[in-house]
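**Q** Below you'll find the structure I mean.
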Amino acid sequence: TSLYCVTSTMTRCIQTALWSFPTQTLFAMDGIRETVNYNCDRRRSIAELSRAFPMVQFDSADPDVDPIWAEYMRRNVDVNAMKESMEIHKVIRRGRAALRDDVWKDEYDQMLVCTHSAFLHYILHWGQYETPWYVPKLIPSQKLDERTPEERETEYGTPIFQYCSLLGDKSAATFREEMWTDYANCEMRSCCIVRVVERDTSTAAEGVL
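According to the numbering used here, the sequence shown is numbered sequentially starting from 20.
Spelled out as C-alpha cells, the structure:
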C-alpha cells in the first residue's frame, strides 16, 4: 500500500511526525498548520526549516516568510492579540483547500496527515450546528471577520466532513462527540477520513470535501 505523509509546517508538528513515522518521506504544507494567533504560531522561514529538517519536503509550502503572520502585521493587528481565531473562516478555507486539493493524491492508496488540535477542533465542528457555533460563544468573538452576514451564513452551511462510525455499536454521534472534546496536553488522537468518489464514463462526483 502506497502512503503519502503530510505534516504541518510548524516545527512542533514536524517533530511529532518524524517521531511517529521515522521511515516515511514527509511533505510539509501550510494549509494544515495551527491557527495563527500568537508568536508561538509563527512559522519559521522555509530556508531555516529546510536546514533543520533536510529529510522533509517543503516544495508545497508557501513563500519563505510566513505569509499569514505577515498579513496580520500588514493589517496592524495587535501582535499580542488573537488573530486567525477571530476570523475562523480563514482557517476553514485553507483547511478545506488543503484537504481537497493538496493532501489527496490519486497515485497513493492512503494519505496520512499530521496536524494540530486547534486546527482539527475548527474543521471538525464547522457546519455541524444549525447556527454558527460562535453564537453560543464556543469560540472567540469574530471581530476580525469582514464578511457580510449573508456570506457568513452561506459559508457556514457547508461542512467539511460528514460523520460516520464503523466501530461496532458506537454511533456516529458518539464518535463525533469524542472528536469534539478538548485535547489533553500532549495528547495524540487519530481518526480516519474517507473520500468517497463515484465515477462513471463521463463524470466524477466527490464527497463533502
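C-beta atoms are modelled at their ideal positions from N, C-alpha and C, and glycine is treated no differently.
Let me know the secondary structure DSSP gives L22 once reduced to three states.
**A** Here residue 22 refers to the residue found at position 3 when the sequence shown is read from its first residue. Here L22 sits in strand by DSSP.
**Q** For K102, collect the residues of the same chain with a Cβ closer than 6 Å to its Cβ; drop the 5 residues on either side in sequence, then sort them by chain order.
**A** Locating residue 102 in the sequence shown gives position 83, counting from the first residue. Answer for K102: V55, N56, Y91 and V96, listed in chain order.
**Q** Would you say R62 and R52 are within 8 Å of each other, going by their C-beta atoms?
**A** Within the sequence shown, numbered from 1, the residue matching residue 62 stands at position 43. Within the sequence shown, numbered from 1, the residue matching residue 52 stands at position 33. Yes, the pair counts as a contact, with Cβ atoms nearer than the cut-off.
**Q** If you scan the segment 20-70 from start to end, which runs of the beta strand (DSSP E) of 3 or more residues do you find wholly inside it?
**A** Within the segment 20-70, the complete beta strand (DSSP E) runs of at least 3 residues are 22-27 and 45-48.
**Q** Are the C-beta atoms of K102 and some chain C residue less than 8 Å apart?
**A** The structure shown contains no chain C, having only a single protein chain.
**Q** I want to know whether the segment 116-130 touches the segment 191-207 - three or more CB-CB distances under 8 Å.
**A** Because the criterion of three Cβ pairs below 8 Å is not met, the segment 116-130 and the segment 191-207 do not touch.
**Q** What are the partner residues of I131, as DSSP defines its beta bridges?
**A** Here residue 131 refers to the residue found at position 112 of the sequence shown. In the sequence as displayed, the identity of residue 131 is Leu instead of Ile. In the DSSP output, where bridge partners are listed per residue, L131 has C24.
**Q** Give every residue of the same chain whose Cβ lies closer than 6 Å to the Cβ of D85, excluding the five residues on either side of it in the sequence, and list them in chain order.
**A** As a first step, residue 85 must be located in the sequence shown, where it is residue number 66. So the list reads R61 and R62, once near-sequence residues are dropped.
**Q** If we ignore side chains and look at the alpha-carbon of each, how far apart do P168 and E106 end up?
**A** Here residue 168 corresponds to residue number 149 of the sequence shown, with the count starting at 1. Here residue 106 corresponds to residue number 87 of the sequence shown, with the count starting at 1. Roughly 13 Å between the two C-alpha positions.
**Q** Is it true that the CB of I179 sits closer than 8 Å to the CB of P114?
**A** As a first step, residue 114 is located in the sequence shown; it is residue number 95 there, counting from the start. As a first step, residue 179 is located in the sequence shown; it is residue number 160 there, counting from the start. Before going further, note that residue 114 is Gly rather than Pro in the sequence given. The answer is yes: Cβ separation under 8 Å.
**Q** Bridge partners for V75 per DSSP, in chain order?
**A** Along the sequence shown, read from residue 1 onward, the residue named residue 75 stands at position 56. Paired residues: L45.
**Q** Less than 8 Å between the beta carbons of I111 and D83, yes or no?
**A** For the purposes of this step, residue 111 is taken as residue 92 along the sequence shown, with counting starting at 1. For the purposes of this step, residue 83 is taken as residue 64 along the sequence shown, with counting starting at 1. No, Cβ-Cβ distance for I111 and D83 is not below 8 Å.
**Q** Quick check: D229 and S79, are their CB atoms within less than 8 Å of each other?
**A** The chain is shown from 20 up to 228; residue 229 falls before or after that span and cannot be answered.
**Q** Got a sec, what are the start and stop residues for the alpha helix (DSSP H) K102 sits in?
**A** In the sequence shown, residue 102 corresponds to position 83, counting from 1. Neither: K102 is in no alpha helix (DSSP H) and is coded neither H nor E.
**Q** Going by the beta-carbon positions, is the gap between A116 and M48 smaller than 8 Å?
**A** On the sequence shown, residue 116 is found 97 positions in, with the first residue counted as 1. On the sequence shown, residue 48 is found 29 positions in, with the first residue counted as 1. Cβ atoms of A116 and M48: not closer than 8 Å.
**Q** Whole angstroms are fine: how far does the CA of H108 sit from the CA of P159?
**A** By one-based count along the sequence shown, residue 159 stands at place 140. By one-based count along the sequence shown, residue 108 stands at place 89. Answer to the nearest angstrom: the Cα atoms are 13 Å apart.
**Q** Alpha carbon to alpha carbon, how far is F40 from N99? Give it in angstroms, no decimals.
**A** Position 80 of the sequence shown holds residue 99. Position 21 of the sequence shown holds residue 40. The alpha-carbon atoms of N99 and F40 are separated by roughly 34 Å.
**Q** Please report the straight-line C-alpha distance between W145 and E197, rounded to a whole angstrom.
**A** Residue 145 sits at position 126 when you count from the first residue of the sequence shown. Residue 197 sits at position 178 when you count from the first residue of the sequence shown. So the two alpha carbons sit approximately 15 Å from each other.
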